[in-house]
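*Asks:* Let me give you the structure first, and then I'll get to my questions.
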Amino acid sequence: MSAPLLDIRDLSIEAHKDGERLGIVERVSFSVATGEILGLVGESGSGKTVTCRALMRLLPTRSLRISGGKIEFAGRNLVTASEAEMRHIRGARIGMIFQNPASHLDPVMRIGRQIGESLVLHLQMSPREAKAQTIELLRQVGIPDPQRRADDFPHQFSGGMRQRAMIALALACSPELLIADEPTTALDVTVQAQILRLLVELRDKRGLSIILITHDLGVVAQTCDSVAVMYAGRICEKGPKRDVLAEPLHPYTSRLIACQPSASAEAGLLPSIPGQPPSPSAWPSGCRFHPRCERAIGLCRSSAPELVTVRSNHVAACHVTAPARLADEAA
Amino acid sequence: MTALLEVAGLEVAFAAGGFTWPGQAARQVKAVNGVSFALNAGETLGLVGESGCGKTTLARAILALTEKSAGEVLFEGERVDRTSLMRLRRNAAMIFQDPFNALNPRMRVGDILAEVLRVHRKVPPDRIAARVEELLVLVGLSGEHARRKPATLSGGQCQRVGIARALAVEPKLIVADECVSALDVSIQAQIINLLIDIRSRMKLAMIFIAHDLAVVRRLCDRVCVMYLGRIVEEGATADVFSAPKHPYTQALIRAIPEIDPAGSLPRNMLPGEPPSPLDLPPGCAFHPRCPQAMDICRSGDAPVLRPAGEQRAACLLYGGVRH
Ligand SMILES: Nc1ncnc2c1ncn2[C@@H]1O[C@H](COP(=O)(O)OP(=O)(O)OP(=O)(O)O)[C@@H](O)[C@H]1O
Ligand SMILES: Nc1ncnc2c1ncn2[C@@H]1O[C@H](COP(=O)(O)OP(=O)(O)OP(=O)(O)O)[C@@H](O)[C@H]1O
Ligand SMILES: [Mg+2]
Ligand SMILES: [Mg+2]
Chain A
9 MSAPLLDIRD
19 LSIEAHKDGE
29 RLGIVERVSF
39 SVATGEILGL
49 VGESGSGKTV
59 TCRALMRLLP
69 TRSLRISGGK
79 IEFAGRNLVT
89 ASEAEMRHIR
99 GARIGMIFQN
109 PASHLDPVMR
119 IGRQIGESLV
129 LHLQMSPREA
139 KAQTIELLRQ
149 VGIPDPQRRA
159 DDFPHQFSGG
169 MRQRAMIALA
179 LACSPELLIA
189 DEPTTALDVT
199 VQAQILRLLV
209 ELRDKRGLSI
219 ILITHDLGVV
229 AQTCDSVAVM
239 YAGRICEKGP
249 KRDVLAEPLH
259 PYTSRLIACQ
269 PSASAEAGLL
279 PSIPGQPPSP
289 SAWPSGCRFH
299 PRCERAIGLC
309 RSSAPELVTV
319 RSNHVAACHV
329 TAPARLADEA
339 A
Chain B
935 MTALLEVAGL
945 EVAFAAGGFT
955 WPGQAARQVK
965 AVNGVSFALN
975 AGETLGLVGE
985 SGCGKTTLAR
995 AILALTEKSA
1005 GEVLFEGERV
1015 DRTSLMRLRR
1025 NAAMIFQDPF
1035 NALNPRMRVG
1045 DILAEVLRVH
1055 RKVPPDRIAA
1065 RVEELLVLVG
1075 LSGEHARRKP
1085 ATLSGGQCQR
1095 VGIARALAVE
1105 PKLIVADECV
1115 SALDVSIQAQ
1125 IINLLIDIRS
1135 RMKLAMIFIA
1145 HDLAVVRRLC
1155 DRVCVMYLGR
1165 IVEEGATADV
1175 FSAPKHPYTQ
1185 ALIRAIPEID
1195 PAGSLPRNML
1205 PGEPPSPLDL
1215 PPGCAFHPRC
1225 PQAMDICRSG
1235 DAPVLRPAGE
1245 QRAACLLYGG
1255 VRH
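Sequence order for the protein chains is A and B. So in our numbering, spot 124 of the first sequence is number 132, and the numbers just go up one at a time. So in our numbering, spot 166 of the second sequence is number 1100, and the numbers just go up one at a time.
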């Protein structure tokens, strides 16, 4: 197999404030091949957004910094790349759909103009070409009447329309890698399916690689090739989509799948994982999931499990389930 | 018994962007078009529909955060106008769709919550700090987050601060606009369970706008389905989900993703371009995309809600006047 487009190795990120340092993300590794769609799922606050901002080198440097590891994109280590090089990469080679579209769209510039300017700047299009392309992009993300709506300001769009404008902006320069941070949270299921179809089509046609951050495991099932699961700043499980969803190994992954509400269930309370999510200032010792894990043993409290390969490409960090599965596979 | 909230014939129109020739009538987007419903104390109404169909605008108009162009809103039987607005504001809270922009970036989370408690005089001044921490824990955060500014929180953490702020008001009505969309399923479940608990203890009424239909199914007593500014189906949640009547609702329910490890994307349920609210088609606004459209659907006024099975649907396929 050829080298992956993106290869993140042992990436760690720290928050620093008043001389205090907190580990937010710890030794995260994953890679994305050309044309691969990787789902990044996990608990709210586990470090998904921060990891992706780090790889765009967009961390707020006053409070967060990369404290170790490397990020290799098409053979370049982005951790040490110059700011000028990063500007080029961000504009033309890696596109990002931000989780909060409203703060990444200019409130006083018409939507169409924002997309058009990026086309003129990065793809050297003529203003006329840029305008036609902008309208085509807005049409592709399902904005009705794109010709006229291109003249709207962001506040005249609905939440989901702003999100789709953000998607159009990220796709404008035909990036090789798209980082999509919860790109469909504001979209109803039919428009969501339309956007996901568009992304899959771009992958099929152009070999676009995608990191898709989402809370919806149904979306992962429908679109991703592989999945990485994060809990409390670490990756706890990673593998091909089918293996992870059908035979999850880490107890956190299993619980997450069990919590996914189904639309065919009746009214009433929803299952959740007991206990509170931990915070960076008080990470539990050993395996960070152990206080909430019903399968925890003494070892889980004292030592952090490493990621172990249980089957080709399927890895999990658990003292209990990983060895058990390995024994099963050997038998 | 009078309903807690009554909405009658509500309309909201916005001036549309783009160029207008001198003398040409200014174009309008009718974001909300003749919406009526009632909500009782302790009841939860789900509001679902296509992105851009007017859910946020409807919610804002109900709380008088956006000006309405027609219709009226009654809160506890009293018309909401300038003089009675304060009463509505004291008893209703909105959780905004965009969690990042809804919080003042210069204030610490603790101060954001403390301010609400002070303004609404919910607890004595010496109890404020303790109550702030209590609220944060309720939504799965901790006292540590009180010292943070919104920019240093994750998306889901911001969203939970928004929920804590609404709960701080101890309102009779919460209008929640996509309030769990940025949460992982476990925390989402904790929040939904919390809302179910508060609802039964305090007779809290809710308008719950969400695109996650599985959550709507669990939480809501009734649902309204909106399409291009109008309610096209309305009924008890179980009825609407198990036997959707309007062809738009049917497409929506069929598109719900399930976690099937071998899953693939559903084929396009709604072919054709979504129509523009600037240029509403005559007749039923859904007819250009409707697989069952008949000639009578393509002209005249938009169909009104009529009985269809256990619920009501604005669709000429059902009973009503023509059969
Ligand atoms: N600038 C910052 N300073 C300090 N801590 C931060 C900062 N930004 C984020 N954090 C913390 O880092 C952790 C990871 O945040 P991140 O935004 O990556 O979470 P996430 O996995 O994207 O969650 P969500 O699903 O809720 O969006 C959180 O605990 C958050 O509070
Ligand atoms: N301030 C405004 N000026 C002009 N048009 C507006 C304004 N606010 C909303 N609109 C338009 O009104 C329509 C309804 O918007 P609204 O935000 O209510 O939709 P929504 O149902 O909440 O959608 P979403 O699910 O995407 O959040 C959209 O066409 C939108 O562009
Ligand atoms: Mg995030
Ligand atoms: Mg909205």
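Cβ atoms here follow ideal geometry from the backbone N, Cα and C, with glycine treated the same way.
Give the residues of chain B in contact with CYS267 (chain A), contact being defined as C-beta atoms less than 9 Å apart.
*Replies:* Within the first sequence, numbered from 1, the residue matching residue 267 (chain A) stands at position 259. What CYS267 (chain A) touches in chain B: ASP1118, VAL1119, SER1120, GLN1122, ALA1123.
*Asks:* Given 8 Å as the limit, is there contact between the segment 170 to 190 of chain A and the segment 58 to 69 of chain A, that is, 3 or more CB pairs closer than that?
*Replies:* Contact between the segment 170 to 190 of chain A and the segment 58 to 69 of chain A is present, because at least three Cβ pairs lie under 8 Å.
*Asks:* Is there at least one Cβ from chain A nearer than 8 Å to GLU1001 (chain B)'s Cβ?
*Replies:* For the purposes of this step, residue 1001 (chain B) is taken as the residue at position 67 of the second sequence. Cβ-Cβ to chain A under 8 Å: no for GLU1001 (chain B).
*Asks:* Spell out whether any CB of chain A is found under 8 Å from the CB atom of ARG1256 (chain B).
*Replies:* In the second sequence, counting from the first residue as 1, residue 1256 (chain B) sits at position 322. Confidence at ARG1256 (chain B) is low in this model, with a pLDDT of 45, below 50, so the placement of that residue should be treated as unreliable; the coordinate-derived value is given next. It does not: the Cβ of ARG1256 (chain B) has no partner Cβ on chain A nearer than 8 Å.
*Asks:* For GLN1031 (chain B), does the count of other Cβ atoms within 10 angstroms reach 16, so buried, or fall short, so exposed?
*Replies:* Indexing the second sequence from 1 puts residue 1031 (chain B) at position 97. It counts as buried.
*Asks:* Can you give, in chain order, each stretch of the beta strand (DSSP E) that sits fully within the segment 163 to 237 of chain A and has at least 3 residues?
*Replies:* Fully enclosed beta strand (DSSP E) runs of 3 or longer: 185 to 189, 217 to 221.
*Asks:* How about ALA1027 (chain B): is its C-beta nearer than 8 Å to some C-beta of chain A?
*Replies:* To locate residue 1027 (chain B), count along the second sequence from 1; it is residue 93. It does not; no Cβ of chain A falls within 8 Å.
*Asks:* Is ALA138 (chain A) buried or exposed, if buried means 16 or more other CB atoms sit within 10 Å of its CB?
*Replies:* Taking the first residue of the first sequence as 1, we reach residue 138 (chain A) at position 130. Buried.
*Asks:* For LEU19 (chain A), report the span of its beta strand (DSSP E) as first-last.
*Replies:* Sequence index remark: in the first sequence, residue 19 (chain A) carries index 11 (1-based). Segment 14 to 25, the beta strand (DSSP E) holding LEU19 (chain A).
*Asks:* Give me, in chain order, the residues of the same chain whose beta-carbon lies closer than 7 Å to that of ARG1256 (chain B); leave out the 5 immediate sequence neighbours on both sides.
*Replies:* By one-based count along the second sequence, residue 1256 (chain B) stands at place 322. For ARG1256 (chain B), the predicted model reports a pLDDT of 45, less than 50, meaning its position is unreliable; a value from the coordinates is still stated below. Result list for ARG1256 (chain B): LEU1250, in chain order.
*Asks:* Could you please tell me which residues of the segment 196 to 230 of chain A, in chain order, have their CB closer than 9 Å to any CB of chain E?
*Replies:* Absent here is chain E; the protein component of the structure consists of chains A and B.
*Asks:* So, for ILE243 (chain A): in the same chain, excluding its five sequence neighbours on each side, which residues have a beta-carbon less than 6 Å away from its beta-carbon?
*Replies:* Numbered from 1 along the first sequence, position 235 holds the residue referred to as residue 243 (chain A). So the qualifying residues of the chain are VAL36, ALA236.
*Asks:* Is LYS989 (chain B) near ligand 5, going by C-beta to nearest heavy atom under 7 Å?
*Replies:* For ligand 5, the structure offers nothing, since it holds only ligand 1, ligand 2, ligand 3 and ligand 4.
*Asks:* With hydrogens ignored, establish whether the beta-carbon of MET53 (chain A) is closer than 7 Å to any heavy atom of ligand 1.
*Replies:* On the first sequence, position 45 is the one that residue 53 (chain A) refers to. For the sequence presented, residue 53 (chain A) should be read as Gly rather than Met. Yes, the beta carbon of GLY53 (chain A) sits closer than 7 Å to at least one heavy atom of ligand 1.
*Asks:* When burial is assigned at 16 or more other CB atoms within 10 Å of the CB, is LYS25 (chain A) buried or exposed?
*Replies:* Taking the first sequence and counting its residues from 1, one reaches residue 25 (chain A) at position 17. Exposed is the call here.
*Asks:* Kindly list the residues whose CB is nearer than 7 Å to the CB of ILE1108 (chain B), restricted to its own chain and excluding five residues on each side of it in sequence; keep chain order.
*Replies:* Mapped onto the second sequence, residue 1108 (chain B) falls at position 174. Hits under 7 Å: ALA1027, ILE1029, ALA1100, LEU1138, MET1140.
*Asks:* Determine the chain B residues that contact ILE281 (chain A) at a beta-carbon separation under 8 Å, and present them in chain order.
*Replies:* As a working mapping, residue 281 (chain A) is identified with position 273 in the first sequence. By Cβ distance, chain B contributes SER1120.
*Asks:* Between the alpha carbons of PRO1058 (chain B) and ALA1102 (chain B), how many angstroms are there, rounded?
*Replies:* For the purposes of this step, residue 1058 (chain B) is identified with residue 124 of the second sequence, where counting begins at 1. For the purposes of this step, residue 1102 (chain B) is identified with residue 168 of the second sequence, where counting begins at 1. Near 13 Å, if we compare the C-alpha coordinates of ALA1102 (chain B) and PRO1058 (chain B).
*Asks:* Check whether chain B comes within 8 Å of GLN148 (chain A), counting only Cβ atoms and requiring the distance to be less than that.
*Replies:* Here residue 148 (chain A) is taken as the residue at index 140 of the first sequence, counted from 1. No, GLN148 (chain A) does not count as interfacial toward chain B.
*Asks:* Any heavy atom of ligand 4 inside 7 Å of the beta-carbon of GLN1031 (chain B)?
*Replies:* The residue you call residue 1031 (chain B) lines up with position 97 of the second sequence. True, at least one ligand heavy atom lies under 7 Å from that Cβ.
*Asks:* Report the residue from A:TYR239, A:GLU34, A:ILE175, A:GLY247 whose alpha carbon sits nearest the alpha carbon of ASP233 (chain A).
*Replies:* Residue numbering aside, residue 233 (chain A) sits at position 225 when the first sequence is read from its first letter. ASP233 (chain A) has its Cα closest to that of A:GLY247, out of A:TYR239, A:GLU34, A:ILE175, A:GLY247.
*Asks:* Measure the beta-carbon distance from PRO115 (chain A) to GLN171 (chain A) and round it to whole angstroms, keeping in mind my assumption that it falls under 8 Å.
*Replies:* Here the question's residue 115 (chain A) lines up with position 107 in the first sequence. Here the question's residue 171 (chain A) lines up with position 163 in the first sequence. With 8 Å as the limit, PRO115 (chain A) and GLN171 (chain A) do not qualify as a contact, their Cβ atoms being about 15 Å apart.
*Asks:* At a cut of 8 Å, does the segment 1074 to 1084 of chain B reach the segment 1040 to 1059 of chain B through at least three beta carbon pairs?
*Replies:* The answer is yes - the segment 1040 to 1059 of chain B touches the segment 1074 to 1084 of chain B, with three or more Cβ pairs under 8 Å.
*Asks:* Here's a check: name, in chain order, each residue in its chain whose Cβ is nearer than 6 Å to the Cβ of GLY1089 (chain B), leaving out the five neighbours to either side.
*Replies:* Within the second sequence, residue 1089 (chain B) is the residue found at index 155, counting from 1. The answer, listed in chain order, is ALA1116.
*Asks:* Return yes when the Cβ of ARG1151 (chain B) is within less than 8 Å of the Cβ of ALA275 (chain A), no when it is not.
*Replies:* For the purposes of this step, residue 275 (chain A) is identified with residue 267 of the first sequence, where counting begins at 1. For the purposes of this step, residue 1151 (chain B) is identified with residue 217 of the second sequence, where counting begins at 1. Yes, these two residues count as a Cβ contact at 8 Å.
*Asks:* Give a single yes or no on whether ASP1146 (chain B) has its beta carbon closer than 7 Å to a heavy atom of ligand 4.
*Replies:* Position 212 of the second sequence, counting from 1, holds the residue named residue 1146 (chain B). ASP1146 (chain B) Cβ: outside cutoff for every heavy atom of ligand 4.
*Asks:* Comparing alpha-carbon positions, which option in A:PRO12, A:ASP196, A:GLY55, A:VAL40 lies nearest ALA240 (chain A)?
*Replies:* Looking up residue 240 (chain A) in the first sequence gives position 232. It is A:GLY55.
*Asks:* In terms of residue numbering, what span does the alpha helix (DSSP H) encompassing CYS1224 (chain B) cover?
*Replies:* On the second sequence, residue 1224 (chain B) is found 290 positions in, with the first residue counted as 1. Here CYS1224 (chain B) belongs to no alpha helix (DSSP H), and DSSP marks it neither H nor E.
*Asks:* Since GLY247 (chain A) is in the beta strand (DSSP E), which residue starts that stretch and which ends it?
*Replies:* Position 239 of the first sequence, counting from 1, holds the residue named residue 247 (chain A). Run containing GLY247 (chain A): 242 to 248, per the beta strand (DSSP E) assignment.
*Asks:* When every heavy atom of ligand 3 is checked, does at least one fall within less than 7 Å of the C-beta of GLN1089 (chain B)?
*Replies:* What you label residue 1089 (chain B) is simply residue 155 of the second sequence in a count that begins at 1. Contrary to the premise, residue 1089 (chain B) reads as Gly rather than Gln in this sequence. Within the cutoff, so yes.
*Asks:* Is SER1003 (chain B) near ligand 2, going by C-beta to nearest heavy atom under 7 Å?
*Replies:* Residue mapping note: residue 1003 (chain B) aligns to position 69 of the second sequence, counting from 1. For ligand 2, not one heavy atom lies less than 7 Å from the Cβ of SER1003 (chain B).
*Asks:* Determine contact between the segment 278 to 294 of chain A and the segment 1117 to 1128 of chain B, defined as no fewer than three beta-carbon pairs at a distance below 8 Å.
*Replies:* Judged by Cβ distances under 8 Å, the segment 278 to 294 of chain A makes contact with the segment 1117 to 1128 of chain B, as three or more pairs qualify.
*Asks:* Verify whether the separation of the beta carbon atoms of ALA324 (chain A) and ALA1189 (chain B) is less than 8 Å.
*Replies:* Here residue 324 (chain A) is taken as the residue at index 316 of the first sequence, counted from 1. Here residue 1189 (chain B) is taken as the residue at index 255 of the second sequence, counted from 1. Contact flag unset, no.
*Asks:* Where does ASN967 (chain B) land, buried or exposed, given buried means 16+ other C-beta within 10 angstroms?
*Replies:* Indexing the second sequence from 1 puts residue 967 (chain B) at position 33. Burial call: buried.
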